[in-house]
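What follows is a set of notes on a single structure, which appears directly below.
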Amino acid sequence: MTEWLDAALAYVERWMGFQMQLTEQPGCVVAVAKKSELVFSRALGTADLRTGKALTPEHRFRVASHSKTFTATGIMKLQEAGKLHLDDKIGKYVPGLDATVAETTIAQLLSHAAGIMRDGRRSSHWQVTAPFFDDPALREELALPLVIDANTRFKYSNLGFGLLGFAIEAITGEPYIGWISREVVAASGLEQTTPDMPVAPGAPLAFGHSGRLPFGRGVINGHQPTFALAAATGFVSTAGDLARFFASLDPAAETSILSPASRREMTRRHWQVPHSCEPRYYGLGTMLMEASGHALIGHGGSFPGFISRSATIPDWGISLSVVTNSIDGPANAWLEGIVSIMDRFSKHGAPAERVADWASRWWSLWTAIDLVPMGDKVFIANPGAPKPFTDEAELEITGAAEGRIVLANGFGSHGEPVRLGFDATGRPDHLFLGGGDWSSDPRHLSISYDGLASGPKSTAA
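Counting from 1, one number per residue, gives the positions in the sequence shown under UniProt numbering.
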């Protein structure tokens, strides 16, 4: 597997560079773990648009609802120790709840089936206009009746996971932050993860940013503590730590703080997400879906100024995480795009030596394309697409600098020739694809920038 994975990740890095320029995102970090070992970690862009400081893989991000997976892991660890049972009613451990809330079970809270309000009667903390709920404020919300009957449908609730944080404190006799830091974070070997702000002095911290509309990107103060909602949304981490943590939750993982039985229970489908355009499911603190024909087990996170997504893919024993520092960061689409790239390489393999040199990017007035060797063929990818190999064309290489399009969309140039053109130094500088002429340098395109406010942006791969 190593050869195809290395080749896939090499293209992931090129594709992500194009995507960052296309979307004009401030920053992004992508990390991939194989059997809990980090094998890929790349940072692109800036940690803070005000200073232009380069982003690094060590920068911490607010990873929001990834916190729920950490909390669920802690609950499963307590069950393994005989301190609780998933069928226990939450009122057994936490007093002062409305009677309907007290009757809900730990399993219902973990799977978002308890029927509790999502964010409370007012959730101004998500607009950064008020602090997150402290203990008294959260208990005041939990003294209200359920919004819908328990165990009737999936209904996401940050308050429900805050309640699970209260349960952990009641059962362990310790504050949630201290217990989860020791028993889940440190026990999992994570050194760049904390359950809430502040982070350790000197730890690099990415700043969150707004979307581009309506006034252009601005910095969002996304570094506030989340207090009683830390169990739902407080965590601060890196892409690398997240990839390694989710790798440990794969039921087949060799190293984990949980038993295989607990991991299977966490990662099986408990509820389907209703009213969704594509099938999605929820386990116990885990989001479940399929992408490019592969099961994904993970979670996402949305916090003021930050969007993140992580998943393990059991088919390959691989986990990945994408973290962004903008409220419109396409972390979800990028993660699924990376899975689609891996899928293609897993099927076709690393490039054979005779086609490896065809790896390149080409430009026309209309768009850019990538030639991506896999196996003994060369594929045409669209680096601007969310999934670059959608309806990709295939080239058969018949000589050192020529070939033929052996598979293409009906609107493409199926069956037509392909040829490389070279400059005076012998470097490929033109691609003749069917009847089209593509350049290796976008500055050679027939575009005039005279009188425009700014010239073309950088086109680095």
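Ideal placement from N, C-alpha and C gives every residue a C-beta, glycine not left out.
- Counting every other CB atom within 10 Å of its CB across the protein chains shown gives residue 124 a total below 16, marking it as exposed.
- Close CB contacts of residue 435 within its chain, under the 8 Å cut and outside five residues either way in sequence, are with 413, 416 (chain order).
- Rounded to whole angstroms, residue 374 and residue 351 show a C-alpha spacing of 4 Å.
- Taking 8 Å as the upper bound for CB-CB distance, residue 72 and residue 104 are not in contact here, some 15 Å apart.
- Listed as beta-bridge partners of residue 244 by DSSP are no residues whatsoever.
- For residue 294 against residue 307, the beta-carbon gap comes to about 22 Å, at or over 8 Å, which does not count as contact.
- Apart from sequence neighbours up to five positions away, the residues of its chain that approach residue 396 with a beta-carbon distance below 6 Å are 403, 404, 406, ordered along the chain.
- In its chain, beyond the 5 residues on either side, 404 have a beta carbon closer than 8 Å to the beta carbon of residue 398.
- DSSP places residue 37 in the uninterrupted beta strand (DSSP E) bounded by 37-48.
- Rounded to the nearest whole angstrom, the C-alpha separation of residue 153 and residue 18 is 40 Å.
- In the three-state scheme derived from DSSP, where H, G and I count as helix and E and B as strand, residue 364 is classed as coil.
- The beta carbons of residue 269 and residue 251 sit no closer together than 8 Å.
- In the DSSP assignment, residue 61 forms a beta bridge with 237.
- Distances from the CA of residue 15 to each of 357, 334, 425 were compared; the closest alpha carbon is that of 334.
- Shown here, residue 281 sits in a strand according to DSSP, grouped into three states.
- Excluding the 5 residues flanking it on each side, residue 192 has same chain C-beta neighbours closer than 6 Å at 238, 241, in chain order.
- Judged by beta-carbon spacing, residue 156 lies beyond the 8 Å limit of residue 165, meaning their Cβ atoms are not closer than that value.
- With a threshold of 16 other beta carbon atoms within 10 Å, residue 195 meets it and is buried.
- The segment 72-90 and the segment 279-298 touch, with no fewer than 3 CB-CB distances between them shorter than 8 Å.
- Residue state for residue 348 is assigned as helix, using DSSP reduced to three classes.
- When DSSP assignments are scanned along the segment 123-159, the uninterrupted stretches of alpha helix (DSSP H) that are 4 or more residues long and fall wholly within it turn out to be 135-142.
- Cβ-Cβ separation between residue 329 and residue 66: approximately 14 Å, too far for a contact (criterion under 8 Å).
- In this structure, the CA atom of residue 418 is about 40 Å from the CA atom of residue 57.
- Rounded to the nearest angstrom, the gap between the Cα atoms of residue 173 and residue 303 is 29 Å.
- The DSSP-derived three-state label of residue 291 is strand.
- Out of 347, 119, 107, 100, the CA that lies nearest to the CA of residue 144 is found in 100.
- Between residue 229 and residue 160, the C-beta gap is not smaller than 8 Å, which leaves the two residues out of contact.
- With contacts defined by Cβ atoms closer than 8 Å, residue 337 and residue 387 form a contacting pair.
- Approximately 6 Å separates the beta-carbon atoms of residue 158 and residue 118; this is inside 8 Å, confirming the contact.
- In terms of Cβ geometry, residue 3 and residue 74 do not form a close pair [threshold 8 Å].
- For residue 357, the closest alpha carbon among the candidates 132, 379, 116, 410 is that of 379.
- Here residue 437 is exposed, its C-beta having fewer than 16 other C-beta atoms within 10 Å.
- Listed in chain order, the beta strand (DSSP E) runs fully inside the segment 246-277 amount to none, counting runs of at least 3 residues.
- Contact between residue 227 and residue 134 holds, since their C-beta atoms are separated by about 5 Å, short of 8 Å.
- Separation of residue 116 and residue 137 (C-alpha to C-alpha, rounded to the nearest whole angstrom) is 15 Å.
- Using a Cβ distance threshold of 8 Å, residue 327 and residue 210 count as a contacting pair.
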